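What follows is a short report on a single structure.
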Amino acid sequence: MTDIALAPTPDPVSTRNLRRGFAAAAIAAGVLVGLLVMIWALAGAGYFWPIWPASGLGLPIGILGWVTWVLSDPSRRRVGLGFTIVAGIFGTIVAYLSIVWAAAGAGYFWPAWPALGLGAVLLVHYLIVRFVAPQAEMTERIETLTVTRTAAINAQEAELRRIERDLHDGAQARLVALGMTIGMAEQKLATDPDGARALLAEARGGAHEALSELRDLARGIHPPVLQDRGLEAAVRELAVRSPLDVHVTAATDRLPPAVESAAYFIVAEALANASKHADPSRIDVRLERNGGTLSVEVVDDGRGGADPEGAGLSGLRKRVEALDGTLRVASPVGGPTIVRADMPCAL
Amino acid sequence: MRVVIAEDLALLRDGLTRLLRDNDVEVVGAVDNGADLVKEVLRERPDVAIVDIRLPPTFRDEGLRAALEVRAKAPDTAILVVSQYIEQTYAAELLADGRAGVGYLLKDRIFNVSEFVGAVRRVAEGGTALDPEVVAQLFSRRRKGGAIDDLTDREREVLSLMAEGMSNAAIAESLVLTVGAVEKHIANIFAKLGLAPSGNEHRRVLAVLAYLQSQGSPA
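Protein chains in written order, with the working numbering: chain A, 223 to 569; chain B, 33 to 251.
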């Protein structure tokens, strides 16, 4: 899946930069130390003075290496990212001081004092992470839930208003028009049977249109195929119905209904936007389930420039966030446009 | 009879225009918003303005506001408000000034074309046309044990039709009675309810409605 092009996605990009930075720094330091050792050797050996610049360079390089190593893999920070990094830094500093102690002739192990001090700080940090931080995390979680809940309620309100308007202006109006036409036909039956017949034919057409509008409205609320056969089947049907060239890659079984519904409407909205604005030659839809997360991605090769805050996508974003997911849009002018949603789905 | 229509859905605006013209009613104007309605009425001075309650821009009760404005600025033009929903408070607002030549109907009433046109004419001639739904709700909301419980079924029917604004002749035709029988029922009703008999039909409607509202259970 195409992580890289989307913004904001700090993790993969900055980790790569960090590793490159570390490699560059390590190589530069290594070359420098190598040069110094050569100079020492050429100057007749003796007291191994390169130990000082070497260990001096080793301290920051060691710290950088530790940080890079921790950040590269989320599994390496079980006790908390901050704590792991700080522990590593302290360890590197104590190691550096120990090298200094050894190089300065050993004797009284004075690094014990700074080691003790750093150890005490580390202990306090650990206690905070273990006991205080979860509290703060919970408060933050409550705030997030409150915000997304309000957004979800507002989104639902707006959706219900939309449905009511569509019913009033669409199906209800059609039925009123139908009633008027039938009423007029009734009036004419005795005096103008041909006119009556024409009106009844018109009424029949009106009934078809009313049914069709109701079907569209129902599909806009909850498509029957989504209920009956699931997300993959419903998305494939969207692809078939679309006038554009849509390719679907999917391997998901049934998911919680709220997740399937949100995912379906994201694909529907993305396809509709692409067909309205982007003029693409090809659209790719990918549905993928990784462990407990459903990923939905719609990529079109059209002209881009989509507004990520557009009405349709904003409403869907609120829905997705209420499910603890994320919805991201990358649409540089010139294309391609990528709409990507990730939602947790309970196993 | 000359009318102006205000309805924002083209499908219904055209349908209503066609229906009225088919029934010898002259449609001199058809607009899709409240401001244009007022302008058109002041220009054409029709006998009645038929107004949808829901008009742009907010699609709440612009039509009602515009109809009341027409009422104030062109007192000779009757107003007939139509809607897809019935709200008792709107009915009350329309009848508040006590003047005749007012109506409030569900769009469903349009389906019976001759009755609808009859209601339009009635309103244009200074009568009243209240949707049976409005009256039925007032009836159903009343407290038990009031004087209405003393009315016979037939008398209750006559009362409902009176509240809708029908004339004695129309009531007679609707219930298949003689006009004389209707008049007798009405006299009994007014006696039982303790209302003074009133000759004017619109005043009658107001009296009956006021009575029904006073009998309503606390909301």
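No residue lacks a Cβ here, since even glycine has one placed at the ideal position from N, Cα and C.
Model, not experiment: these values are computed from the prediction.
- Shown here, Asp475(A) sits in coil according to DSSP, grouped into three states, outside any helix or strand.
- Taken through DSSP and simplified to helix, strand or coil, Ala480(A) comes out as helix.
- For chain A, the residues of the segment 34-64 of chain B that bring a beta carbon within less than 9 Å of one of its beta carbons are Asp40, Leu41, Leu43, Leu44, Asp46, Gly47, Leu48, Arg50, Leu51, Asp54, Asn55, in chain order.
- Using beta-carbon distances, Lys139(B) counts as an interface residue toward chain A, with a partner under 8 Å.
- Looking at Asp40(B), Asp56(B), Asn55(B), the one whose alpha-carbon comes closest to that of Gly95(B) is Asp40(B).
- The alpha-carbon separation between Ala239(B) and Ile218(B) amounts to approximately 13 Å.
- Under the Cβ distance rule, Val113(B) does not count among the residues neighbouring chain A, no pair being separated by less than 8 Å.
- Met406(A): member of the alpha helix (DSSP H) spanning 395-410, first to last residue.
- For Val308(A), the uninterrupted alpha helix (DSSP H) segment begins and ends at 303-325.
- By the criterion of at least three beta-carbon pairs nearer than 8 Å, the segment 141-160 of chain B is in contact with the segment 104-112 of chain B.
- Within the DSSP secondary-structure output, Thr548(A) pairs in a beta bridge with Asp564(A).
- For Gly61(B), the enclosing beta strand (DSSP E) stretches over residues 58-63.
- Non-local C-beta neighbours of Phe222(B) in its own chain, meaning closer than 6 Å and more than five positions away in sequence, comprise Pro229, ordered along the chain.
- Chain A has a Cβ within less than 8 Å of the Cβ of Val145(B).
- With contacts defined as CB atoms closer than 8 Å, Leu44(B) and Ala432(A) fail to qualify as a contacting pair.
- The count of Cβ pairs closer than 8 Å, one atom from the segment 363-370 of chain A and one from the segment 304-324 of chain A, stays below three, leaving the stretches out of contact.
- Taking a contact to require three or more Cβ pairs closer than 8 Å, the segment 495-515 of chain A and the segment 454-466 of chain A qualify as touching.
- Of all residues in the segment 514-535 of chain A, none comes within less than 8 Å of chain B when Cβ atoms are compared.
- For a Cβ distance threshold of 7 Å, residue set Gln116 of chain B lies close to His390(A), ordered along the chain.
- Apart from sequence neighbours up to five positions away, the residues of its chain that approach Gly158(B) with a beta-carbon distance below 8 Å are Ala110, Ala132, Gly133, His234, ordered along the chain.
- Annotation: the segment 70-119 of chain B contains the following complete segments of the beta strand (DSSP E) (minimum length 3 residues), in chain order: 80-84, 110-115.
- Secondary structure of Asn512(A) (DSSP, three-state): strand.
- No Cβ-Cβ contact shorter than 8 Å links Asp529(A) with Pro558(A).
- Listed by position along chain B, the residues whose Cβ is nearer than 9 Å to that of Ala563(A) form an empty set, because the closest Cβ is around 33 Å away.
- Residue range 34-38 is occupied by the beta strand (DSSP E) that includes Arg34(B).
- Ile142(B) reaches chain A at Val398, Gly401, Met402, Gly405, counting residues in chain order whose Cβ is nearer than 8 Å.
- In this structure, DSSP gives Ser517(A) an extended state, which the three-state scheme calls strand.
- Note that the segment 332-342 of chain A does not touch the segment 377-388 of chain A; fewer than 3 beta-carbon pairs, one per stretch, sit closer than 8 Å.
- For Glu359(A), there are no CB contacts under 8 Å within the same chain when 5 residues up- and downstream are skipped.
- Legend: CB atoms of the segment 335-368 of chain A lying less than 8 Å from CB atoms of chain B are not found in any residue.
- Taken through DSSP and simplified to helix, strand or coil, Tyr136(B) comes out as strand.
- Following the DSSP letters along the chain, one finds Ala161(B) inside the beta strand (DSSP E) bounded by residues 160-162.
- Within chain B, not a single residue places a beta-carbon under 8 Å from that of Gln449(A); the smallest gap is close to 29 Å.
- Taking 8 Å as the threshold, the shortest C-beta distance from Ala395(A) to chain B falls below it.
- Within the DSSP bridge table, the entry for Asp391(A) names no partner.
- The segment 479-487 of chain A makes contact with the segment 537-548 of chain A, as at least three CB pairs between them are under 8 Å.
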